[in-house]
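Participant: Residue numbers (full-length UniProt numbering): 1 to 559.
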Amino acid sequence: MYYSSLAEAFERLERISSRKAKISLIAQFLRQCPEDVVDTVALFLANQVFPGWDPRDLGIGSKLMRKVIATATGSTDSEVTELFKRLGDLGLTAEELLKRRKTSTLLDSRPLMVGEVRETFEKIAEVEGEGAVKRKMRLMMGLLARAKPKEARYLVRQALSELRTGVRESTVEEAIAQAFGVSRKLVERAHMLSNDLGLVAKVAMTKGEEGLREIDLRPMRPIKPMLAQAARNVKEALAEVGGKGAVEIKLDGARVQVHSDGEEVRVYTRRIEDVTHALPDIVEAVKDCVDADEFILEGEAVAINPETGKPRPFQELLHRIKRKYDIEEVRKEIPVELHLFDCLYVDGESLVDTPFRERRRRLEEIVREREGEVMLVEQVITDDPKEAAEMFHRALEMGHEGVMVKDLDANYTPGVRGKKMLKVKPVLETLDCVVIGGIWGKGKRKGLIGSYLLAVWDENKENLLEVGKVGTGMDDETLERLTKMFEDLIVEESGREVRFKPEVVFEVEFEDIQKSPKYSSGFALRFPRLVRVRDDLGPEDADTIEKVRRIYEEVLQKH
DNA sequence: ATTGGCTGCCC
DNA sequence: ATTCTGC
DNA sequence: GCAGAATGGGCAGCCAAT
1 MYYSSLAEAF ERLERISSRK AKISLIAQFL RQCPEDVVDT VALFLANQVF
51 PGWDPRDLGI GSKLMRKVIA TATGSTDSEV TELFKRLGDL GLTAEELLKR
101 RKTSTLLDSR PLMVGEVRET FEKIAEVEGE GAVKRKMRLM MGLLARAKPK
151 EARYLVRQAL SELRTGVRES TVEEAIAQAF GVSRKLVERA HMLSNDLGLV
201 AKVAMTKGEE GLREIDLRPM RPIKPMLAQA ARNVKEALAE VGGKGAVEIK
251 LDGARVQVHS DGEEVRVYTR RIEDVTHALP DIVEAVKDCV DADEFILEGE
301 AVAINPETGK PRPFQELLHR IKRKYDIEEV RKEIPVELHL FDCLYVDGES
351 LVDTPFRERR RRLEEIVRER EGEVMLVEQV ITDDPKEAAE MFHRALEMGH
401 EGVMVKDLDA NYTPGVRGKK MLKVKPVLET LDCVVIGGIW GKGKRKGLIG
451 SYLLAVWDEN KENLLEVGKV GTGMDDETLE RLTKMFEDLI VEESGREVRF
501 KPEVVFEVEF EDIQKSPKYS SGFALRFPRL VRVRDDLGPE DADTIEKVRR
551 IYEEVLQKH
């Protein structure tokens with residue numbers, strides 16, 4: 001199949017806004033797709049380069065891509081950056097520069113095939129060692145050399161996983177069902193269990209429902225975790241799950257899935273990265289403490305201070321989670337505990353369709369807790385909002401993030417963010433920050449300032465100290481208004497970055513304050529969002545570093 | 001041998 | 001992670 | 001309410017530059 005056909009489809013999808021129309025277009029496209037590339041095409045349409053279970057990635061980000069585009073089109077770095085700022089999209093930038101490319105540039109006129117693109121992406125993902133960056137660039141440039149401008153737009157976007165067609169996995173799932181006349185539920189199920197949309201498309205095409213039914217859960221094949229939805233408070237959360245539910249402490253760690261096939265234990269993260277080697281403490285403990293051969297368990301890996309038993313800041317867990325070297329040394333300083341909360345598979349039996357109540361029971365049955373190593377997440381089953389609220393407050397006092405509220409009758413739905421699992425977190429104080437800079441946005445934020453650099457005053461209110469950036473919490477109208485407002489305050493501009501005269505104050509909400517190696521205050525806000533623009537305040541009224549420090553100390557008490 | 005930019009992935 | 005928006 | 005697309009901080013690893 002010609003890549004140009006796919007590019008054509010991408011472009012149509014980009015123009016259509018109706019989801020139904022997108023689905024039928026994709027369905028039609030998949031139906032006429034040759035069998036040998038239908039898997040690749042399905043993946044590509046869903047803005048993926050490799051299946052969900054495949055840990056490979058291209059290792060090309062926006063900076064490298066700019067160089068690739070510059071070299072491939074004979075442009076300068078600043079031309080590319082300038083055009084990117086204006087178009088808000090590196091794909092469009094490549095397309096535009098290719099159109100302008102002098103005809104004298106050497107062109108390879110063989111048309112690009114979808115299969116070749118896939119193979120080249122594989123090669124890009126696999127190069128490593130000295131000269132790897134150059135080789136990645138050369139491979140990507142090879143694709144662009146053969147691409148027509150429109151193809152270049154999508155090759156670049158695909159490589160960056162920024163397709164911007166308004167299509168992702170679940171849209172493609174529906175399209176697969178429609179294309180091959182199979183049930184949507186079966187497609188969803190096959191996808192969630194195989195974590196391979198390409199495989200699902202191919203099986204649906206070649207073997208139909210019968211084939212899809214054969215795809216099943218098995219150890220060592222990690223699946224996407226079920227996701228929680230935010231609730232405002234425990235009372236609302238409890239009501240959402242039908243008045244009665246399981247209330248569990250929400251720990252600030254990394255979500256892990258622990259698999260065993262009877263011989264080996266492996267640990268996977270939420271994005272299906274294999275972190276077995278980084279967490280030998282978990283592997284050893286699980287081998288000792290779980291009375292089953294084959295299993296898939298889920299829990300939170302948390303860094304604990306061995307002296308106080310209190311949870312440590314999330315940043316410390318990051319020292320452990322993807323470490324490849326000096327693991328034993330760091331392990332002593334920052335031990336990791338596993339707190340289990342779900343059980344998806346035990347000795348040949350899949351539990352994804354079993355209610356949570358029963359899954360928890362099975363978990364309790366097979367796990368022998370060992371203090372400081374493997375524990376079950378603390379759980380209270382209640383229909384009393386007061387009891388739930390007590391649990392919430394106790395969790396906060398202990399230095400945890402909040403609570404999860406779970407529907408006891410719910411089955412396990414991988415990759416779905418729904419009402420079967422709700423998270424409740426407290427809202428911290430807000431901070432009034434002076435806006436001192438910004439960054440031009442991309443995609444749907446092209447031509448707008450997409451995020452704003454924030455600062456607070458030092459003790460003497462003389463100097464402004466950076467505390468982070470904010471790029472969410474503003475609606476489209478505010479975004480427009482702010483850009484217009486700040487355009488008059490620009491004092492300096494380089495690339496996509498802008499500096500403003502310090503005049504405007506943002507009230508910003510956040511979950512936490514962390515030590516920062518990057519910002520001049522030495523602190524940074526975690527999960528900042530704009531609450532409102534303080535039109536009523538002048539820059540001199542903004543908060544000072546003392547307030548930041550005070551909040552940081554308060555949080556620190558708990559660790 | 002060390003530093004620093006970039007990338008991807010934890011949240 | 002949080003948030004907003006079109007369907 | 002779902003699905004998609006904007007956007008946040010910080011860490012380790014990798015590779016290139018010094």
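For each residue, glycine too, the CB sits at the ideal point set by N, CA and C. Since we're looking at a predicted model, the values are computed, not measured.
(1) Look up K406 in the DSSP assignment and give the residues it is bridged to.
(2) Between the C-alpha atoms of S4 and E119, what's the straight-line distance to the nearest angstrom?
(3) Do you know how far the Cα of W53 is from the Cα of D293?
(4) Which whole-angstrom value is the C-beta distance of H319 and V330, which I expect to be below 8 Å?
(5) Can you tell me which of I449, P219 and Q514 puts its alpha carbon nearest to the alpha carbon of Y552?
(6) Starting from G299, trace the beta strand (DSSP E) both ways and give me its first and last residue.
(7) How is G438 classed by DSSP in three states: helix, strand or coil?
(8) Sort K423, I334, S494 and R361 by Cα distance to H400 and report the nearest one.
(9) So C343 is in the beta strand (DSSP E); what residue range does that whole segment cover?
(10) Would you kindly work out how many angstroms separate the C-alpha atoms of S104 and G443, rounded to a whole number?
(11) Between which residues of its own chain and K136 is the CB-CB distance below 8 Å, once the five residues before and five after are set aside?
(12) Do L30 and A177 have their C-beta atoms closer together than 8 Å?
(13) How long is the line joining the alpha carbons of V258 and P517, rounded to whole angstroms?
(14) Quick one: any contact between the region 526-542 and the region 404-412, if contact means 3 or more CB pairs under 8 Å?
(15) For a test of the three-state rule: what should DSSP assign to I272, helix, strand or coil?
(16) Here's a check: name, in chain order, each residue in its chain whose Cβ is nearer than 7 Å to the Cβ of K148, leaving out the five neighbours to either side.
(17) If you follow the beta strand (DSSP E) that S24 is in, where does it begin and where does it stop?
(18) Whether or not the region 209-224 and the region 358-368 are in contact is what I'm after, with contact meaning three or more pairs of Cβ atoms, one per stretch, closer than 8 Å; do they touch?
(19) Would you list, in sequence order, the uninterrupted alpha helix (DSSP H) runs of no fewer than 4 residues that lie entirely inside the region 306-381?
(20) Look up I490 in the DSSP assignment and give the residues it is bridged to.
(21) Write down every uninterrupted run of the alpha helix (DSSP H) in the region 36-82 whose length is 4 residues or greater and which is fully enclosed by it, in chain order.
(22) For R255, which three-state DSSP category applies?
(23) Take every Cβ of the region 186-203, pair it with every Cβ of the region 388-402, and state whether three or more of those distances are shorter than 8 Å.
(24) Does the pairing of the region 423-433 with the region 535-549 give three or more beta-carbon distances under 8 Å?
(25) Can you round the beta-carbon distance between V548 and F506 to whole angstroms, since I take them to be within the 8 Å contact cut?
(26) Classify K85: buried if its beta carbon has 16 or more other beta carbons within 10 angstroms, exposed otherwise.
Facilitator: In short:
(1) Taking the first residue of the first sequence as 1, we reach residue 406 at position 406. Paired residues: A246 and M421.
(2) Indexing the first sequence from 1 puts residue 4 at position 4. Indexing the first sequence from 1 puts residue 119 at position 119. The straight-line gap from Cα to Cα measures roughly 16 Å.
(3) Position 293 of the first sequence, counted from the first residue, corresponds to residue 293. Position 53 of the first sequence, counted from the first residue, corresponds to residue 53. One C-alpha to the other measures close to 23 Å.
(4) For the purposes of this step, residue 319 is taken as residue 319 along the first sequence, with counting starting at 1. For the purposes of this step, residue 330 is taken as residue 330 along the first sequence, with counting starting at 1. Cβ-Cβ separation between H319 and V330: approximately 6 Å, consistent with a contact (criterion under 8 Å).
(5) The count along the first sequence starts at 1 and reaches residue 552 at position 552. Relative to the Cα of Y552, the nearest Cα in the group I449, P219 and Q514 belongs to Q514.
(6) Taking the first residue of the first sequence as position 1, residue 299 is located at position 299. E294 to A303 is the extent of the beta strand (DSSP E) around G299.
(7) Numbered from 1 along the first sequence, position 438 holds the residue referred to as residue 438. Here G438 sits in strand by DSSP.
(8) Here residue 400 corresponds to residue number 400 of the first sequence, with the count starting at 1. Looking at the Cα atoms, K423 is the closest of the given residues.
(9) Position 343 of the first sequence, counting from 1, holds the residue named residue 343. Unbroken beta strand (DSSP E) run through C343: V336 to V346.
(10) Residue mapping note: residue 104 aligns to position 104 of the first sequence, counting from 1. Residue mapping note: residue 443 aligns to position 443 of the first sequence, counting from 1. Here S104 scores only 48 on pLDDT, less than 50, and its place in the model is too uncertain to base an answer on.
(11) Position 136 of the first sequence, counting from 1, holds the residue named residue 136. Once the five neighbours on either side are set aside, the close Cβ partners of K136 are L58, G59, I60, L64, I124 and V127.
(12) Position 30 of the first sequence, counted from the first residue, corresponds to residue 30. Position 177 of the first sequence, counted from the first residue, corresponds to residue 177. Not closer than 8 Å, so no.
(13) Your numbering for residue 258 matches position 258 in the first sequence. Your numbering for residue 517 matches position 517 in the first sequence. Taking the straight line joining both Cα atoms gives about 33 Å.
(14) No, the region 526-542 does not touch the region 404-412.
(15) Start at 1 with the first residue of the first sequence, and residue 272 comes out as number 272. Three-state result, I272: coil.
(16) Here residue 148 refers to the residue found at position 148 of the first sequence. Closer than 7 Å at Cβ, skipping near neighbours: S4.
(17) To locate residue 24, count along the first sequence from 1; it is residue 24. Here S24 belongs to no beta strand (DSSP E); instead the alpha helix (DSSP H) covers R19 to R31.
(18) No: the two stretches stay apart, fewer than three of their Cβ pairs being nearer than 8 Å.
(19) Runs of the alpha helix (DSSP H) inside the region 306-381: 314-321, 327-333 and 356-366.
(20) Here residue 490 refers to the residue found at position 490 of the first sequence. Answer is F500, bridged to I490.
(21) Complete alpha helix (DSSP H) runs here, min 4: 38-45 and 62-73.
(22) Indexing the first sequence from 1 puts residue 255 at position 255. In this structure, DSSP gives R255 an extended state, which the three-state scheme calls strand.
(23) Output reads no: the region 388-402 does not touch the region 186-203.
(24) Yes, since at least three Cβ pairs between the region 423-433 and the region 535-549 fall closer than 8 Å, the two stretches touch.
(25) For the purposes of this step, residue 548 is taken as the residue at position 548 of the first sequence. For the purposes of this step, residue 506 is taken as the residue at position 506 of the first sequence. Their Cβ separation, rounded to whole angstroms, is 15 Å, which puts V548 and F506 out of contact at 8 Å.
(26) Numbered from 1 along the first sequence, position 85 holds the residue referred to as residue 85. So K85 ends up on the buried side.
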